[in-house]
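*Asks:* For reference, the structure I am asking about is given below.
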Amino acid sequence: TLERLWSGLKSASGVTDIAVKGDAGYTITPGGLDVYDLSFPDSIRFVQRLDIDHGRDARLRRAENDTILLAMHGNKFGTDSLAELSLISIADPLSPVILVRVIYPFISDADVTGVHLVVTTSQEPDSQGGAISLFDITNPRRWKGIDGDGSVDDIGYVRVNIAGGRVYAEDTFVDGVVVKIYDLSREFYPISWWSPPFAFALDEAYSQRRAVMVTDIPWPGEEVYYHIYRLDDLDEERPFDLLTSGNLLPGGYRPVGVELLHDSLLLFRGERSLLPGHRNLFLGHLQKTLLTARIVGDTALEFVDRLDIGLARDGVEKVTSDGSRIFWHTLTGLYSGHVDEEGFIVVEGERTIGMLSYDVAGDGRDRVFAVTTDTLYGMDFSDPSDPVILSRRGFRAEGVAMVDRDRLITFDSVVTLFDVSDPSNPVILEKVHLGRGRTVWEAEVSDSVIVLCCLEGGTVVLVLRGDRLYRACEVEAQSSDALWTDEGLLLTTLDRTTEVWEEFPVVESQYDWCSPEQLQVWGKAGASLTRAGDTVIVGTGSAIVLSEAKNLPNAPRFLHSTSNVRITNITGLEYHEGFLFVEDSFYSFFLFRLNDNLGLDRLGWWEPNWIGDQRFYVTDSLLICAEGRYGLQSFGVHISTLSVLELQEVDMETSLELWPNVVVEQATMQLQLPSTQAISLSLYNSSGRVEHNVVAGEFEAGEHLIEIETTGLPVGMYWIVLKNHSGEQTLQQFQVIR
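Quick note: to get our numbering, add 3 to the position in the sequence shown (first position is 1).
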C-alpha cells in the first residue's frame, strides 16, 4: 500500500502546478485542470474540472494579457517523445475553454503571450541538441510558425520566460549555462548571450522590471548567495546589470522561485536542503518555507517574514501571485493568502484535499468508500468533522480497494469491479467468481495488476485490461498479505512458521510480467507487510521486523526487530511519512516513528472500541477504521513537529479526536423465532437502567428485522434485552459511537 501511495502522491493525484487570475485559481494534476473560486475571504471553493491530462508533472503558464493559459507536459529535460501542450482561454476566469491541444515532442518548457508562443526542446534522438521556436497564435487554433533557433550543445534548452517583450532562454551545456535573450520586435535571433556564474537559475525569476537570480547549492549545508540584476534600460552589450549580491541564508536554503510584490517586495519559495547524516529520514528530506524580503535602495535585500509549511511532502509545491494575493498548495491542502504592505504573509483560506491514493478506502479526492456486509458506501470527507454520505448501494463484500481514481474492486468470494467516477451512483462493470471456496483476505493493487490474498485456495492474480478483469495466474500458497517491490512480489503465507524464502512455480500465463522468479515468499504465519523506501516492514505475532527490500531471491539482511510494547497480535500495518501505524487484534492501535537507525520509537497508543482484524485508511490528518459490526469510525490524528531549524531532535505531539459516526444512524436487530410468541425488547445502558422499551407484542414465527433508534443516546455500550412469555431473556450488546 505504501509503495502505491508513494508513487501516486505526485503523479496520480497530486497538484503539480498552479496559476491565478484575479479571484480564479487553477491547479493542474494528471486528472485534469481544476478551477477554484478565491473570492471568498475564508475559503477556497471548487468550481469545475477540465478533463485534460499532461502527465505526472504538468505545468501551467499564464499569458501577460490574462486571456490565455498554457498547460504543458512536465518533462524538465524534454525526454518524452509524446509530450503535448494546450492553449486554454480564460477570458471568463471561472469558465476556461480548451482552444487547442497539440502533440509537441521533447518539450522542455514554453511560455505564452496573447500573440506569441515560445517552445523549447532538449536534445532529441539523432540530433545534436534542442531548439527554440516562436509561433504567432493570434488565432490560437491555427498557429503560424515565425522562426526558430537550433542548439548544438550536448543537452539543449531547459527553461524559457517571456517578460517585457523579451524572451529569456536557458541553454545548457555540460560545463555551464548560457542565457540567450531575444527581442520579440526584431528578427528572432539572440540579441545577447550571457553566462551567469551559477546554473539553473531562471525558474520564474523574471519580471518586467528586474530579475533576481539565486544560486543552486552544489552540496548540502553550504551557504547560498543571492544576486540581484536589473533588466530595464539595458543595451545589448550589457543585458544584465548586477546591483548587489549577498548571503541569503546559512544552512542550505535553496530558493526555487521568486515573485515580485508591491514593487519592492520579493516573495521567495524556498526549500531546505537535506542535512548531512539524515539521508532517507523522512522520505522527502525537504523542509519548505515561504520567505519575504525587501529590496532596499536597489542595492540591498532585507528579509521580512518567514512561514514554515512543514516537513517532507507537505511543503509548498508552487506559489503564484496576482497583485498582492498569493495562492499555494501542499499535498494536504490548498491555501490562499496575501502579503501585506509590511511584508508579512497572511493566510486567508484553506481547503483540505485528501492527497492519498490507491488505498483500501480512499480515491484521493476527498472520497472514501467503505463496505459492510450488505452495503457499499460512498462518502465525502472534505470536511472530516461532518462527512457526507454520497451513496448507499446494497451489496455484500468484505473488502474494498481502489484500482485507480475512478474504479474500485470489492471482494469476498467474488471480485466486483465498480466505476465510481460518479460517487453518487456506483456502476458494476464486471464480476469475477473465484470459485473453490476462496475468500479474499487482502488485495494488493499495482497499476493494472491485482493480487488477491486468499485464506483458502491459494493466491490469485488478476490483470485489468480496459474495463475487463482477466485471470493471469495462481499460486498455491495461502497468503495473508502482499507487497510489490522493485524485484518482484513479496507474499506472506499462512502455512509457514519459520522465516523462509522460496520461489513458487506459477501457472503459465500470457502476461510476460508473471514469471516464477518474480514471486517470492517470506514471513511467519499471518504476517502483515508494508514498506518504507528500501525497507520492508513485517508485522508478525507480537514482533515488528525491518529488513532490506533488496536481494529478495537471496538472504535478506535484517535491520531491526522488536517484540515488546504490549502488542498481542499484529493484524495490520500502515507506514506514512515516517510514521508506522500498527493495529493489534486486541483493542489497540500503536503509533511508531522510524528513527535514524531504522529503529522504532513508540509515540503513543490508544484503544478504539473494537476487536481487531479490521481494515483502516490513513491520511495526513485522518485515520478511518472499518471496525466490523460497529460501523465506521474516523479519528483525527495530529502529529506535529516542534523542531524549527534542527532535525536532529524532533519532538512529537499526538492527540486523538473521535468524530461523528456517519454510517450507523440506527441499530438493526435480526430476530429469528421458532414459533409464534409474545416478546418484549428493551434497551439498557451500561449502568443497568432502561433507556426505553423498543417493542412489545406477539410476533409470528420466522425472521424479523427490528430497528432500534439511537438518536439522542449518549456514546457508550448498551444492551438489548429480549424476554419471552416464559420469562427467559437473551442479551445482545452493541455500541453507540459519535
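Idealized CB from N, CA, C, for every residue including glycine.
1) Are there 16 or more other CB atoms within 10 angstroms of the CB of A296, so buried, or fewer, so exposed?
2) Report the three-state DSSP secondary structure of D56 (helix, strand or coil).
3) Of the choices D604, P677, G340, A172, whose alpha-carbon is the least far from that of D112?
4) Taking M720 as the reference, give the member of H707, A699, E703, R692 with the closest Cα.
5) Quick one: using the 10 Å Cβ neighbour count with 16 as the cut-off for buried, is K434 buried or exposed?
6) Nearest CA to the CA of I31: which residue from F138, Q51, I723, W146?
7) Please go through the same chain and pick out, in chain order, the residues whose beta-carbon is closer than 8 Å to the beta-carbon of Y39, but skip the five residues on each side of it.
8) Report the partner residues of I165 according to the DSSP bridge assignment.
9) What are the residues that DSSP puts in a beta bridge with I431?
10) Which stretch, first to last residue, makes up the beta strand (DSSP E) that contains H695?
11) What number of angstroms, rounded off, separates the C-alpha of G168 from the C-alpha of G117?
12) Cβ of F414 within 8 Å of Cβ of V443?
13) DSSP state of L472, grouped into three classes?
14) Skipping 5 residues on each side, what residues in its chain have a beta carbon closer than 6 Å to that of I106?
15) From the DSSP output, in three-state form, read off L97 for me.
16) Where do the ends of the beta strand (DSSP E) carrying R441 lie?
17) Do you know offhand how far L1's Cα is from I431's?
18) For A61, I'd like the list of residues in its chain whose CB is within less than 8 Å of its CB, leaving aside the five on either flank, ordered along the chain.
19) Let me check one thing: in DSSP terms, what residues is G35 bridge-paired to?
20) What number of angstroms, rounded off, separates the C-alpha of N598 from the C-alpha of I540?
21) Are the Cβ atoms of L485 and E447 separated by less than 8 Å?
22) Measure the CB-CB distance between I110 and V122 and report whether it falls below 8 Å.
23) Straight-line CA distance for P556 to D343?
24) In angstroms, rounded to a whole number, what distance separates the CA positions of G705 and Q680?
25) Ignore the nearest five residues each way along the sequence and tell me which others in P99's own chain have a CB closer than 8 Å to its CB.
26) To the nearest angstrom, how far is the alpha carbon of P143 from that of S42?
27) Name the DSSP bridge partner or partners of V118?
28) Going by alpha carbons, who is nearest to V403 out of S416, L393, G438?
29) Label R408 either buried or exposed according to how many other C-beta atoms from any shown protein chain fall within 10 Å of its C-beta, with 16 as the threshold for buried.
30) From which residue to which residue does the beta strand (DSSP E) around A404 run?
31) So for L661, helix, strand or coil by DSSP?
32) In the DSSP assignment, find the unbroken beta strand (DSSP E) run with L532 in it and report its ends.
33) If you follow the beta strand (DSSP E) that S685 is part of, which residue opens it and which one closes it?
34) Output the distance between the C-alpha atoms of S394 and M405, rounded to the nearest integer angstrom.
*Replies:* In brief:
1) Looking at its Cβ environment, which holds 16 or more other Cβ atoms inside 10 Å, A296 is buried.
2) Secondary structure of D56 (DSSP, three-state): coil.
3) Closest option to D112, Cα to Cα, is A172.
4) Residue R692 holds the alpha-carbon nearest to the alpha-carbon of M720 among H707, A699, E703, R692.
5) The residue is exposed, with fewer than 16 neighbouring Cβ atoms inside 10 Å.
6) Nearest option by C-alpha distance: Q51.
7) Excluding positions up to five away in sequence, the list reads A27, G28, Y29, T30, I47, R48, F49, V50, L337, R354.
8) DSSP lists V170 as partners of I165.
9) According to DSSP, which records beta bridges pairwise, I431 is partnered with F421.
10) Counting along the chain, the beta strand (DSSP E) containing H695 begins and ends at 693–702.
11) Distance between G168 and G117, taken at the CA atoms: about 12 Å.
12) Yes. Within cutoff.
13) It is a strand residue.
14) Only E87 meet the Cβ criterion.
15) Collapsing the DSSP output to three states places L97 in coil.
16) Counted as a single uninterrupted DSSP element, the stretch harbouring R441 is not any beta strand (DSSP E), since DSSP gives it neither H nor E.
17) In the structure as shown, the chain starts at 4 and stops at 741, and residue 1 therefore has no counterpart that could be examined.
18) Cβ contact annotation for A61 (same chain, cutoff 8 Å, sequence separation greater than five): T19, D20, I31, T32, P33, A74, M75, H76, G77, in chain order.
19) For G35, which the question treats as bridged, DSSP gives the partners T32.
20) So the alpha carbons of these two residues sit roughly 14 Å apart.
21) It is worth fixing the name first, because residue 485 is Ala in this sequence and not Leu. A Cβ-Cβ contact shorter than 8 Å links A485 with E447.
22) Their beta carbons are under 8 Å apart, which means I110 touches V122 by this criterion.
23) With a pLDDT of 43 at P556, under the threshold of 50, the modelled position of this residue cannot be trusted, and the question is left open.
24) Cα-Cα distance, rounded: 11 Å.
25) Beyond the five residues adjoining it in sequence on each side, P99 comes within less than 8 Å, by CB distance, of Y29, L36, V38, L53, L72, I91, S92, I93 in the same chain, given in chain order.
26) Using only the alpha carbons, I get a separation of about 29 Å.
27) None; V118 has no bridge partner.
28) That would be S416, whose Cα lies nearest to the Cα of V403.
29) R408 comes out buried.
30) In the DSSP assignment, A404 falls within the beta strand (DSSP E) that extends over 402–407.
31) For L661, the predicted model reports a pLDDT of 27, less than 50, meaning its position is unreliable; a value from the coordinates is still stated below. Residue state for L661 is assigned as strand, using DSSP reduced to three classes.
32) L532: member of the beta strand (DSSP E) spanning 531–535, first to last residue.
33) Unbroken beta strand (DSSP E) run through S685: 680–688.
34) It is roughly 17 Å from the alpha-carbon of S394 to the alpha-carbon of M405.
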